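Quick note, the numbering used here runs 124 ahead of the 1-based positions in the sequence shown.
We treat Cβ as the ideally placed atom computed from N, Cα and C, and that holds for glycine.
No experiment lies behind these values; they were computed from the predicted model shown.
Structure first, then comments.
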Amino acid sequence: MEMWRRHGEAASAGLSAALYSVYSDLYSEAVVSSVASALALAVVGRFREAVEYVRKAAKALYEAAKDVFEHVKITVQRLVELFVEAVTRVLAWIDEHRTYLFLMAAVAAGVVALSAALNLWGMIELDKLAYAASLAPFIPAGVKEYSREEVFNILKNDPDPYEKFKKIAKDANAGRVKLAEPWESLRMLIAPRSSEERELRVGRGAELYGRYAADEKMKRALFYAALALEEAFSVYRTALEEYAKGLREAVQRGEVGDGPYVADLKQIKQLAEEEEAAFTDALSTLREKLNEYAVRHGLGDLLDVKEDVARRLAEATAPELSRFSGVNFGVKAYAALIAYREYALGRRGVFGTAARYWLEVGGSAWHLYYPPKTAYDRAKKEGVVRPAEVGEMLAEGLRRLFLKPGTDHYSDFIKELEKGGKLALELEKETESSYVFKLYNMKEGGKLDELGISLWIAKMGKGEVAGITYTLIFDMERWWGFFEQRLEVVEKAAEEVRRRLPVEDLFMYAAGWVDSDVAIIRKKNKRVLRMTTSRLWQFAETHALFGWSVVGLRMTLTLEGPKLVVLAEAPLEKLDEAIKRSAEGGWLHMLGVEAGSWDVLKRWVADHWGEVTSMVKRRLESVKVGLGFDLGKALEELEGLKSKLDDDKVAREVIAPALLLMQAERLGVDETTLRYLGAVVSSAIDGDGYVSAAMKRVELTSGERVIALLWGAALAAHGIETEVKRVWSAFNVVASGVGAARLAGLYFRYGPPLLEGDDRLKNHKLDEAMKLAAEGLDVSWEGLRRRTEGGPVAADLTISEGGFRGVHSPEGEGGGQRRLRKSQRDREGGKERGSLKLKGFEMEVEVNGEKYKVKVRGGEAVEEDRGGKKLLRIKITAEVGGVRRNYEITYGRYGKDNAAVGRAYASAKAPGGREADAERFTAVIKAITGKEPKVYQRSDGKIEIVCGREHLDGFARYAELADAIERWLEETGRR
125 MEMWRRHGEA ASAGLSAALY SVYSDLYSEA VVSSVASALA LAVVGRFREA
175 VEYVRKAAKA LYEAAKDVFE HVKITVQRLV ELFVEAVTRV LAWIDEHRTY
225 LFLMAAVAAG VVALSAALNL WGMIELDKLA YAASLAPFIP AGVKEYSREE
275 VFNILKNDPD PYEKFKKIAK DANAGRVKLA EPWESLRMLI APRSSEEREL
325 RVGRGAELYG RYAADEKMKR ALFYAALALE EAFSVYRTAL EEYAKGLREA
375 VQRGEVGDGP YVADLKQIKQ LAEEEEAAFT DALSTLREKL NEYAVRHGLG
425 DLLDVKEDVA RRLAEATAPE LSRFSGVNFG VKAYAALIAY REYALGRRGV
475 FGTAARYWLE VGGSAWHLYY PPKTAYDRAK KEGVVRPAEV GEMLAEGLRR
525 LFLKPGTDHY SDFIKELEKG GKLALELEKE TESSYVFKLY NMKEGGKLDE
575 LGISLWIAKM GKGEVAGITY TLIFDMERWW GFFEQRLEVV EKAAEEVRRR
625 LPVEDLFMYA AGWVDSDVAI IRKKNKRVLR MTTSRLWQFA ETHALFGWSV
675 VGLRMTLTLE GPKLVVLAEA PLEKLDEAIK RSAEGGWLHM LGVEAGSWDV
725 LKRWVADHWG EVTSMVKRRL ESVKVGLGFD LGKALEELEG LKSKLDDDKV
775 AREVIAPALL LMQAERLGVD ETTLRYLGAV VSSAIDGDGY VSAAMKRVEL
825 TSGERVIALL WGAALAAHGI ETEVKRVWSA FNVVASGVGA ARLAGLYFRY
875 GPPLLEGDDR LKNHKLDEAM KLAAEGLDVS WEGLRRRTEG GPVAADLTIS
925 EGGFRGVHSP EGEGGGQRRL RKSQRDREGG KERGSLKLKG FEMEVEVNGE
975 KYKVKVRGGE AVEEDRGGKK LLRIKITAEV GGVRRNYEIT YGRYGKDNAA
1025 VGRAYASAKA PGGREADAER FTAVIKAITG KEPKVYQRSD GKIEIVCGRE
1075 HLDGFARYAE LADAIERWLE ETGRR
């Protein structure tokens, strides 16, 4: 209590001095009391109320002496800022963390600018807010304090910035200088004090810091990446502050009461162009500086920027961040600037959350030092969400009208909006997470002319990654005529799609779309097909199948500018007709399906559900189960689907993969059925899929766990290995490597054609699939021979794709007939049993998108008896990613077919816990055998790693293991 009383006395004294130091004659006891109340609220964590008290106090003072303040040109806003500064300075005596939260609440409420708040916080970080009761700053004698800008200017003008910084760091360690961020963090990483180095080496950080401590080149690269990022960030930060200030002026509330907001579109357009130019300049500066430092200091491998990788990192979701743990400093710096901008302008991705925290508050050096996932996790713990004010959101939404490339596509619409000069936006509806405004043109004299457009602003997601979406909703009667002409291109494109589809039975394409983006809804006591899309190529492809009628128009306002969104509907009979034709003489007829409508098809699949479930269970061996995917629950849900197939919402996601499973069972897998698979899966990918040639990856976003399992089994039945995994709250099916290349090949060969002309009609997924499929082709000549003695030389042209080979013989030798056969190729190039050595074996492999360096120190295989059962224990000593451990896999014989199965369990005590250990264990097995094991997470939390006979054959190639493996196979009954 005594300590709290002394804090309170200091606070009161400091508060009084702070307030009276501005314009002492104008303060009243009531004002001081109000601000003191604000301080008390902040101390107990009620920051929003504290800010509101400050605002009220300032307004009360301003109203009490308005004439005096106007005479000395002090605005009410400036007075509010002075009050915030006073409370901040005193609160810093009590609790620095609460001080920061109070400042961020003040920024969120719009009472102070972010730059001003961060300057105050920076002063606290440097102990500049250790004021006496009179608020005179306390600075230790002889200590030189460097601001963020001062250090940058010193380093920029020095011929050897790195050596200069080490001297400054040495002075800081001796207590002669104090550094602002990001330089203080950089000092800790490059030249830490002994106590700081001990902290860096604690726990999981030991491995990471160990790499830096032992490598001067890493330290130098980290420094130059931070220096380049600081130069680029300072350019953009200044422009962003001017932009934010300009937007506040461009969108203002009407003067009378709760009148509409008024927006100056011309000013917003100019601000948008200036912000975009400033960002382009900053990004260019960053790339140039990174290139310059890379060349000058021989740091190319650590500073070179791969722009495509950086952009993917900037847009990555939280589960995807671990895939980028191996990227260099240059990529992280480039991604940080991109993500920071998107966060600042409303698209709040996870890497943007990290960039915002580390660049503004925590020190950009840590952002570059940590792997992306760690940087995000730590920022999430420390960060504070900054809510946006309504005026700011309106300004940001309207700004997006002028961003490229969208603004170029819809320039005629924007001109329509600009005709009246200024826009008025009247609040029509408000909920906890959204606002709807009605738009008007403001005529001379303040007259409002309704435009037939509403602006819908909605908050999506939660916490730091919550984003804000902006959508214009058009009155169809008023605006259809305006947009109708530009949609005529879709009609022509749909005709081309219909003419060029490679598979005649249109139901296959329709089934894939119904599985993904085409919904079945009830409307006025009847069911209709409905689709909403902003991609004209999607509209064209589906229009060719369903003959849409447009029932609604919207326009999303994005960081790529405006995008027109079409709401389309068609009668359910369109799908019924496609089913009927297919059942009469197409794909469904070949499968033995008797159905003339969607409802009959649902019942037919339900009647054959036992066949589907048994086929799924038989294919489980070929489906990799990722972490977070509960296979047991998925199988339970699979059994229960039969009773739910009458529900259109469930059935539309089930029918396509169920029919594909039946296809593999009833028709087998050959060129014809692969063609049909390609047709169905092409529409599923076009709807909810993702294709990346650079990452060699194809994904289907299934949503539900059991649907992901169905698709995984259906693809496995056609020879395409996939992984089913949890991604946030959804479940995806992922094909990578060879499987992805093969799936992409089927997609681009048997899916819709790639449309040319208008860029908006270009299917970017199909474009990526073409690149990925091309990488999966292997062309060679085999069987070199002479047709006749002394005659010309002949050979077979062999084209293999994803494990299948086509052999083309010269004319006269099979007539060029193409034969398909499964190619069984050993990934190690035909190494013989016992021909390799485990000790000293090294390889880099990729597991779940992350690269691991595996160094094997030794190993052995030992036979043992357990309860009368002969087991084989394989022991491997290896170092993975700097972590050394003994790995053991125990093989036994199981089941009716006496299968050789090896099992192991991840260790909870290993660095990073079970999940990290499971990934390292997987990396060891993959490096040694060439094949990944299956990994399962059990209901009790344990993670099981399972190997099969193919892995055992891989182990048998090593001399240390070969003899014991061969003996065990003979003694246990089968080889």
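Query - Reduced DSSP category for Ser816 - H, G, I as helix; E, B as strand; rest coil - result: Three-state DSSP puts Ser816 in a strand.
Query raised in the report: Are the beta-carbon atoms belonging to Arg821 and Val858 less than 8 Å from one another?
Result: In contact: Arg821 and Val858 (Cβ atoms closer than 8 Å).
Query raised in the report: If you draw a straight line from the alpha carbon of Ala174 to that of Leu461, how long is it in whole angstroms?
Result: Answer to the nearest angstrom: the Cα atoms are 33 Å apart.
Query raised in the report: With respect to the beta strand (DSSP E) encompassing Trp580, which residues constitute its N-terminal and C-terminal limits?
Result: Looking at the DSSP string, the run of the beta strand (DSSP E) that includes Trp580 is 572 to 584.
Query raised in the report: Just how far apart, CA to CA, sit Ser319 and Ala304?
Result: About 20 Å.
Query raised in the report: Cβ of Ile644 within 8 Å of Cβ of Arg776?
Result: Closer than 8 Å, so yes.
Query raised in the report: For Met679 versus Leu691, is the C-beta distance shorter than 8 Å?
Result: In this structure, Leu691 does not lie closer than 8 Å to Met679 by Cβ.
Report task. Please work out which residues of its chain come closer than 8 Å, Cβ to Cβ, to Val1059, disregarding the five sequence neighbours upstream and downstream, and give them in chain order. Result -> Exclusion of the five residues before and after Val1059 leaves Lys748, Val749, Gly750, Leu751, Ala1042, Thr1046, Ile1067, Glu1068, Ile1069, Val1070 as the residues of its chain whose Cβ lies within less than 8 Å of its Cβ.
Report task. Enumerate, from N- to C-terminal direction, the unbroken beta strand (DSSP E) stretches of 3 or more residues contained entirely within the stretch 809 to 887. Result -> Unbroken beta strand (DSSP E) runs of no fewer than 3 residues, entirely contained in the stretch 809 to 887, are found at 813 to 816, 821 to 827, 846 to 851, 854 to 860, following chain order.
Requested in this report: Under the assumption that Ala837 contacts Leu870 (Cβ atoms under 8 Å), give the Cβ distance between them as a whole number of angstroms.
Outcome: So it is not a contact: roughly 17 Å between Cβ atoms.
**Report entry** N-terminal and C-terminal residue of the beta strand (DSSP E) that Lys999 is part of
**Finding:** Run containing Lys999: 993 to 1004, per the beta strand (DSSP E) assignment.
Requested in this report: Identify, in the order they occur along the chain, each residue of the same chain with its Cβ nearer than 6 Å to the Cβ of Val275, setting aside the five sequence neighbours on each side.
Outcome: Within the same chain, Trp307 come within 6 Å of Val275 by CB-CB distance, once the 5 residues on both sides are set aside.
**Report entry** One or two residues paired with Leu492 in a DSSP bridge
**Finding:** Per DSSP, none; premise fails for Leu492.
Query raised in the report: Just the Cα atoms here: how many angstroms apart are Leu1076 and Glu708?
Result: One Cα belongs to Leu1076, the other to Glu708, and the distance between them is close to 49 Å.
Query raised in the report: With distances taken from CA atoms, which of Tyr564, Asn565, Lys539, Ala582 is nearest Thr555?
Result: If we check each option's Cα against that of Thr555, Ala582 comes out closest.
Query - Per-residue burial, Val675 [other beta carbons within 10 Å of its own, 16 or more giving buried] - result: Looking at its Cβ environment, which holds fewer than 16 other Cβ atoms inside 10 Å, Val675 is exposed.
Query raised in the report: If you count every other CB in all the chains shown that lies within 10 Å of the CB of Ala345, and 16 or more means buried, which is it?
Result: Around the C-beta of Ala345, 16 or more other C-beta atoms lie within 10 Å, and the residue is accordingly described as buried.
Query raised in the report: Between which two residues does the alpha helix (DSSP H) harbouring Asp295 extend?
Result: First-last of the alpha helix (DSSP H) with Asp295: 285 to 297.
Query raised in the report: Can you check whether the CB of Leu699 is closer than 8 Å to the CB of Val638?
Result: Between Val638 and Leu699, the C-beta spacing is below 8 Å.
Query raised in the report: By the 10 Å Cβ neighbour count, where 16 or more other Cβ atoms means buried, how is Phe606 classified, buried or exposed?
Result: If you draw a 10 Å sphere on the C-beta of Phe606, you find fewer than 16 other C-beta atoms in it, and that means exposed.
Query raised in the report: Once you ignore the five residues that flank Arg465 on each side, which residues in its own chain have a CB closer than 6 Å to its CB?
Result: Around Arg465: Phe403.
Query raised in the report: Rounded to the nearest angstrom, how far is the Cβ of Gly454 from that of Asp428, given a contact under 8 Å?
Result: Going by Cβ atoms, the distance from Gly454 to Asp428 rounds to 5 Å, so yes, they are a contact pair.
**Report entry** Rounded straight-line distance, which links the Cα of Ser309 to that of Glu323
**Finding:** Those two C-alpha atoms are separated by around 13 Å.
Query raised in the report: Which partner residues does Met967 have in the DSSP bridge list?
Result: Val978, per the DSSP bridge assignment.
Query - First and last residue of the uninterrupted alpha helix (DSSP H) at Asp532 - result: Its alpha helix (DSSP H) spans residues 530 to 533.
**Report entry** With 16 other Cβ atoms within 10 Å as the buried cut-off, status of Gly299
**Finding:** Counting Cβ neighbours within 10 Å, Gly299 comes out exposed, since fewer than 16 surround it.
Report task. For Pro1035, name the three-state secondary structure that DSSP assigns. Result -> Pro1035: coil per DSSP, three-state reduction.
Query raised in the report: In terms of residues, what are the limits of the alpha helix (DSSP H) holding Lys1055?
Result: For Lys1055, no alpha helix (DSSP H) encloses it, and the DSSP letter there is neither H nor E.
Report task. Look up Val689 in the DSSP assignment and give the residues it is bridged to. Result -> Looking at the DSSP assignment, Val689 forms a beta bridge with Arg678.
Requested in this report: Could you spell out where the beta strand (DSSP E) holding Gly1016 opens and where it closes?
Outcome: Following the DSSP letters along the chain, one finds Gly1016 inside the beta strand (DSSP E) bounded by residues 1007 to 1018.
Requested in this report: Could you pull out every residue in the same chain whose Cβ sits closer than 7 Å to the Cβ of Arg179, ignoring the five residues on either side in sequence?
Outcome: Same-chain partners within the cutoff: Val204, Val235.
Report task. Check the C-beta distance from Gly813 over to Gly875 and give it rounded, since I have them as a contact under 8 Å. Result -> Contact between Gly813 and Gly875 fails: their C-beta atoms lie close to 11 Å from each other, not under 8 Å.
Query raised in the report: Hey, Leu541 and Glu400: beta-carbon distance below 8 Å or not?
Result: Their beta carbons are not under 8 Å apart, which means Leu541 does not touch Glu400 by this criterion.
Query raised in the report: Can Met739 and Ala841 be called in contact, C-beta distance under 8 Å?
Result: A contact, by the Cβ cut-off of 8 Å.
Requested in this report: In the DSSP assignment, find the beta strand (DSSP E) that holds Val485 and state where it starts and stops.
Outcome: Looking at the DSSP string, Val485 is not in any beta strand (DSSP E), and its letter there is neither H nor E.
Query raised in the report: In terms of residue numbering, what span does the alpha helix (DSSP H) encompassing Ser767 cover?
Result: Neither: Ser767 is in no alpha helix (DSSP H) and is coded neither H nor E.
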